[in-house]
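Everything in the sequence shown is counted per our numbering, starting at 376 for the first residue and increasing by one. Beneath this line is the structure, given in structure tokens, with notes to follow.
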Amino acid sequence: MPETHERQLSTSEDETGKQRRSSSSASENRATMVTYWKRNSNPNLQSMMLDTNADKINQFEYPEILECLPDLDGKRVLELGAGIGRFTKRFAQLAKSVVAVDFMESFLEKNREENSHYGTVEFLHKDATQLSFERNSFDIVFSNWLFMYLSDEETEQLLQKSLSWLSPDGTLFFRESCFHSSGNIKPDENPTYYRSPRQYIDICQSRILNGTPEHPHDQVYELIFAKALESYYEIKNNNNQ
Numbered sequence: 376m377p378e379t380h381e382r383q384l385s386t387s388e389d390e391t392g393k394q395r396r397s398s399s400s401a402s403e404n405r406a407t408m409v410t411y412w413k414r415n416s417n418p419n420l421q422s423m424m425l426d427t428n429a430d431k432i433n434q435f436e437y438p439e440i441l442e443c444l445p446d447l448d449g450k451r452v453l454e455l456g457a458g459i460g461r462f463t464k465r466f467a468q469l470a471k472s473v474v475a476v477d478f479m480e481s482f483l484e485k486n487r488e489e490n491s492h493y494g495t496v497e498f499l500h501k502d503a504t505q506l507s508f509e510r511n512s513f514d515i516v517f518s519n520w521l522f523m524y525l526s527d528e529e530t531e532q533l534l535q536k537s538l539s540w541l542s543p544d545g546t547l548f549f550r551e552s553c554f555h556s557s558g559n560i561k562p563d564e565n566p567t568y569y570r571s572p573r574q575y576i577d578i579c580q581s582r583i584l585n586g587t588p589e590h591p592h593d594q595v596y597e598l599i600f601a602k603a604l605e606s607y608y609e610i611k612n613n614n615n616q
């Protein structure tokens, strides 16, 4: 039964977390996100984290996130939204194989420059919503700040596909910003979906992913833990990461 290592950002509901954008087609949503990231496409840590203090934050956030992951030794890892390779490097050092995916070519090229020498990473320039893999292809599916850039429908569909890609005892880990943005770089337009933790849990427990009591699916997500990042609370007084 695949495990879901989901980041709990807050236990309280908030009007911001309840906001829903007007419905739009999947193609319109993806086009908006591509435009958004092209405006923030410099392949550096500040652009990835949308924060001028990214270097300082990364010193504490990076090890805290890695501590949340299961043993990587000998594992097959799918990294969704791999970006410039902050986490790819560690995966490449320890895992059996890594597929690093990102739809921003500039980010992926920087990742390739930094991590291709390990020889264990396949770099895939593709939108995560368009991915297709065989069943049981991975032991770990990892994403850091990805689902908040997907609509509810896209999020549910990608979680459903990830479930089939994972081995029976595999692990899904994702981390998101809830309720509001985390960085101090504020784009003119921000199409991000700042959900509540409850909304992510509800999506993972939806009928599409779990079936019904009468007709349960043979593989479902089991929530193992959900928590806030202490590093963001200590540095930025932000308990919603």
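Note that the Cβ used here is the ideal one computed from N, Cα and C, for glycine as well. Predicted, not measured: the structure shown is a model, and the values here were computed from it.
Between which residues of its own chain and S552 is the CB-CB distance below 8 Å, once the five residues before and five after are set aside? The residue you call residue 552 lines up with position 177 of the sequence shown. Same-chain partners within the cutoff: L384, W520, M523, T567, Y569, N615 and Q616.
Determine whether the beta carbon atoms of L547 and V516 lie at a separation below 7 Å. Numbered from its first residue, the sequence shown carries residue 547 at position 172. Numbered from its first residue, the sequence shown carries residue 516 at position 141. For L547 and V516, yes; Cβs fall inside 7 Å.
DSSP puts N519 in a beta bridge; with which residues? Here the question's residue 519 lines up with position 144 in the sequence shown. For N519, which the question treats as bridged, DSSP gives the partners R550.
Could you tell me the alpha carbon to alpha carbon distance between A503 and F549, rounded to whole angstroms? Reading the sequence shown from its first residue, position 128 is the one you call residue 503. Reading the sequence shown from its first residue, position 174 is the one you call residue 549. Rounded to the nearest angstrom, the two C-alpha atoms are 14 Å apart.
Rounded to the nearest angstrom, how far is the Cβ of T463 from that of N559, given a contact under 8 Å? As a position in the sequence shown, residue 463 is number 88, starting the count at 1. As a position in the sequence shown, residue 559 is number 184, starting the count at 1. With 8 Å as the limit, T463 and N559 do not qualify as a contact, their Cβ atoms being about 25 Å apart.
Quick one: complete alpha helix (DSSP H) runs, 4+ long, within the segment 445-528? Whole alpha helix (DSSP H) segments, 4+ residues: 463-469 and 480-490.
What are the start and end residues of the alpha helix (DSSP H) that includes L598? Position 223 of the sequence shown holds residue 598. No alpha helix (DSSP H) contains L598, which is instead part of the beta strand (DSSP E) from E597 to F600.
Coarse secondary structure for S557, derived from DSSP in three states: Position 182 of the sequence shown, counting from 1, holds the residue named residue 557. Looking at S557 - three-state DSSP - the assignment turns out to be coil, as it is neither helix nor strand.
Please list, in chain order, all residues of the same chain as S491 whose beta carbon is under 8 Å from its beta carbon, the five residues on each side excluded. Along the sequence shown, one-based indexing puts residue 491 at 116. Result list for S491: F498, in chain order.
Drop a sphere of 10 angstroms on the beta-carbon of E597, count the other beta-carbons inside from all chains shown, and report buried for 16 or more, exposed for fewer. For the purposes of this step, residue 597 is identified with residue 222 of the sequence shown, where counting begins at 1. It counts as exposed.
Output the distance between the C-alpha atoms of Q434 and D544, rounded to the nearest integer angstrom. The residue you call residue 434 lines up with position 59 of the sequence shown. The residue you call residue 544 lines up with position 169 of the sequence shown. Computed Cα separation, rounded: 31 Å.
Just checking my contact of P572 with A601 at CB under 8 Å: how many whole Å lie between their CB atoms? For the purposes of this step, residue 572 is taken as residue 197 along the sequence shown, with counting starting at 1. For the purposes of this step, residue 601 is taken as residue 226 along the sequence shown, with counting starting at 1. Between P572 and A601 a beta carbon distance of about 6 Å is seen, short of the 8 Å cut, so the two are scored as contacting.
Spatial neighbours of N419 in its chain, beta-carbon cut-off 6 Å, leaving aside the 5 residues before and after: One-based indexing of the sequence shown puts residue 419 at position 44. For N419, where only same-chain residues beyond five positions count, there are no Cβ hits under 6 Å.
Within 7 Å, strictly: CB atoms of L534 and F513: To locate residue 534, count along the sequence shown from 1; it is residue 159. To locate residue 513, count along the sequence shown from 1; it is residue 138. No; because the gap between Cβ atoms is not below 7 Å, this pair is not in contact.
Since V474 and L453 should fall inside the 8 Å C-beta cutoff, what is the C-beta to C-beta distance between them, to a whole number of angstroms? For this step, residue 474 is matched to residue 99 along the sequence shown. For this step, residue 453 is matched to residue 78 along the sequence shown. Confirmed, Cβ separation roughly 5 Å.
Could you round the C-beta distance between S402 and M479 to whole angstroms and report it? I think they count as a contact, below 8 Å. For the purposes of this step, residue 402 is taken as residue 27 along the sequence shown, with counting starting at 1. For the purposes of this step, residue 479 is taken as residue 104 along the sequence shown, with counting starting at 1. No, S402 and M479 are not in contact; Cβ-Cβ is about 18 Å, not under 8 Å.
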